[in-house]
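Under my numbering, the first residue of the sequence shown is numbered 316, with each subsequent residue one higher. Virtual Cβ for every residue (Gly too), placed ideally from N, Cα, C.
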Amino acid sequence: MDNSRKTALLAYQTALNQYYLILSEELEFLDTAWRSLDEVFQGSVAEEFTGFWTITLAEMEDSRLEVQKILNFLQEIPDKS
């Protein structure tokens, strides 16, 4: 692998890893905040919000898992420089 490609892949991997860490931290923070809020939420508005929130959390988790797959793939690329 030539140096420019290797450098670009390493930069991409670094940026993606930072994104993954931030996404994981934010997901944990939001899930904790949601659990606290859910304890005091009541009524039909709360039920509607719960539905939207559940979908949002699932989409964030799916995104996090996809980023992890890409990171795993990047780690498997052999270094042939």
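Rounded straight-line distance, which links the Cα of residue j to that of residue i
i    : j    : result
A323 : Q390 : 14 Å
E363 : F356 : 11 Å
L386 : N332 : 7 Å
L372 : G358 : 21 Å
Where residue i falls: helix, strand or coil (DSSP)
i    : result
D346 : helix
Q390 : helix
D377 : helix
F367 : helix
D353 : helix
Sequence-distant residues of its chain with Cβ nearer than 6 Å to residue i (five each side left out)
i    : result
Q328 : L389
Same chain, Cβ closer than 8 Å to residue i, five either side skipped, listed in chain order
i    : result
T365 : D353 and F356
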